[in-house]
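Per this note's numbering, numbering of the sequence shown is gapless, rising by one per residue and ending at 430.
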Amino acid sequence: MGILKEAMFHIHLIMAISWIGGSVFMFVLGITLRDKKAQQEVYPHVGPIFGWFEVVALIALLISGFYLGAYYDLFKVLLHPNGTAISDAIVKKAILVAILTAATTVHFVIAYKTNGKERTRVQNILSRSSSMLIFFLNLFVMHYAIVLRDIL
Ligand code: HEM
279 MGILKEAMFH IHLIMAISWI GGSVFMFVLG ITLRDKKAQQ EVYPHVGPIF GWFEVVALIA
339 LLISGFYLGA YYDLFKVLLH PNGTAISDAI VKKAILVAIL TAATTVHFVI AYKTNGKERT
399 RVQNILSRSS SMLIFFLNLF VMHYAIVLRD IL
């Protein structure tokens, strides 16, 4: 087994843990930290650190994921699905990851622009719905990642 592939897989796993762990923690924080004053003290400091942490984790996930996909020759079946279990798993995972990346971009841009400032109603709705979407999509991405690895 190639050492580079092993390294990429370890990076992929550590970054998946960081990415999903971070999003679960922020979900818990969002539910438990209800006090407005406490929110105004905590979020402006924690937000940017969390945001960059998650961006680095997602980029590392995408790079290592693309490497692993190429290693297993999965892009052929991704572009030409053939109904096999592996083709199904990679297609579903790739679609979910694409939506996840788009939702993360929306969420990140709003968060970056409005940190410590008042948000408009539209910014609020977009920011909240994208973070809910990211949270739930993560659970499904994990599922298809496990299905994929079971077959490989
Ligand atoms: C948010 C993005 C992603 C997350 C959270 C994620 C998560 C995971 C996890 C947890 C595993 C290990 C599953 C297990 O051991 O049972 C895995 C494996 C894998 N992922 Fe991802 N992944 C992401 C993006 C990608 C992308 C974009 C690709 C390729 C296009 C990809 C390709 C793979 C492959 C090929 C494996 C199997 C590697 C092996 O068995 O050696 N992943 N992923």
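Just so it is clear, CB atoms sit at the ideal spot from N, CA and C, and this is done for glycine as well.
Query, Result
"By Cβ distance below 6 Å, which residues in the same chain neighbour Phe305 in space, the five residues on each side in sequence not counted?", "Phe413"
"Could you check if Lys371 is buried or exposed, using at least 16 other CB atoms within 10 Å of its CB as the buried criterion?", "buried"
"What residue range is occupied by the uninterrupted alpha helix (DSSP H) comprising Tyr321?", "314-349"
"Closest to Val333 by C-alpha separation, out of Ile364, Tyr390, Leu356, would be which residue?", "Tyr390"
"With hydrogens ignored, establish whether the beta-carbon of Arg399 is closer than 6 Å to any heavy atom of ligand 1.", "no"
"Rounded to whole angstroms, what is the Cα-Cα separation between Val425 and Ile281?", "24 Å"
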